[in-house]
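In what follows, a structure is listed as C-alpha cells, so that the remarks can point back to it.
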Amino acid sequence: MKILHLLTKGLTKIEKWICLMALGAMFLVGALEVLSRNILGKSFYWSQEIIIIMLVWEVFMGAAFIFNSSKLISVDMLYEKFSERGQKVLDIIGNIIIIIVSMIVLYFGWSYMLMQVDLKTTALHITQSIYTIPMLISAASMTIEAIRRLIESIIKIQPREAV
C-alpha cells in the first residue's frame, strides 16, 4: 500500500511539472509566432504543431494530476445521504469503474499508438504517437491511483476484529 502511495505521489509531481513545462512551451512558441508574424511578417510553419502537441500533453497530464491529487470538483448531495458503509461501497464501485475504463483506454490506446509509430507529423516529421503517449501515461497513472483507492476502501470497510 505504501508503495502505491509513493508511486502515485511521485507520478503526481511529474505530471504537475509536465503540465507546467507544456504550458510554458505553448506560451513561448505562441508569443514567438505572434512576434515573428507582426514584426518580420513571416510565420513559423511548425509553431501550430508544437502548440497542439503541448496542448495534448497538458490536457492528459492535467487530468491525471487532478485525479491523483483528489482535486476534482464533485457534487455529493446523494453521496452524503448514504451511511459511512454505503459511501465506502460507492467508493469501491466507483474505483472499479475507473479501473475498467482506464484499462480499456490503455488497451485500445496502445493499439492506436502502435499504428501511429510509423506515421510522421506534417511539420516536424516526428512520430504521430507523440499525441497518444500522454493518454497512455495518464490512463496508467489514474489506474494505479484508482487501485490504491480501491485497496484503501476495501481495507476500511472490513470489520475490525475484537482485541
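The numbering of the sequence shown is my numbering, which starts it at 62 and goes up by one. All C-beta atoms in this analysis are idealised placements derived from N, C-alpha and C, irrespective of residue type, glycine included.
Per-residue burial, residue i [other beta carbons within 10 Å of its own, 16 or more giving buried]
i, result
"V90", "buried"
"S202", "buried"
"R210", "buried"
"G170", "buried"
"A184", "exposed"
"I79", "buried"
"I10", "Since the first and last residues shown for the chain are 62 and 224, residue 10 lies out of range."
"S163", "buried"
Cut-off 7 Å between Cβ atoms - residues of its own chain near residue i, not counting five sequence neighbours on either side
i, result
"V117", "Y192, P195"
"L197", "L167, G170, W171, M174"
"K103", "S97"
Rounded separation between residue i and residue j - CA only
i, j, result
"D137", "T69", "25 Å"
"I158", "I112", "33 Å"
"I161", "A207", "10 Å"
"L72", "L101", "42 Å"
"T188", "R146", "49 Å"
"V224", "S190", "Any answer about V224 is weak, because its pLDDT of 45 lies below 50 and its placement is not dependable; what the coordinates show is given next. If I take the Cα positions, the gap works out to 56 Å."
"G85", "S97", "18 Å"
"E110", "M122", "18 Å"
"I134", "N99", "41 Å"
"F105", "K63", "48 Å"
"F88", "L81", "11 Å"
"S131", "K74", "13 Å"
"I114", "V120", "10 Å"
"T182", "A92", "22 Å"
"L180", "I127", "31 Å"
Bounding residues of the alpha helix (DSSP H) (the contiguous stretch that carries residue i)
i, result
"Q177", "145-177"
"T188", "Premise fails: T188 is in no alpha helix (DSSP H) and is neither H nor E."
"F126", "108-129"
"F88", "63-96"
Cβ shell of residue i (< 8 Å), same chain only, five flanking positions each side left out
i, result
"Y140", "Q148, L151"
"K217", "K149"
"Q177", "T188, Q189, S190, Y192, T193"
Integer Cβ distance of residue i from residue j, believed to fall under 8 Å
i, j, result
"N129", "E76", "7 Å"
"I153", "I215", "6 Å"
"I205", "L65", "6 Å"
"S199", "A83", "Contact doesn't hold; Cβ gap of about 13 Å is too wide."
Own chain, CB closer than 6 Å to residue i, minus 5 neighbours either side, in chain order
i, result
"S108", "V90, E94"
Min CB distance residue i to chain B below 9 Å
i, result
"L93", "Given the protein chain composition of this structure (a single chain), no chain B is represented."
Distance cut-off 8 Å: residue i Cβ against heavy atoms of the ligand FAD
i, result
"S97", "Ligands in the displayed structure: none, and consequently the ligand FAD is not present."
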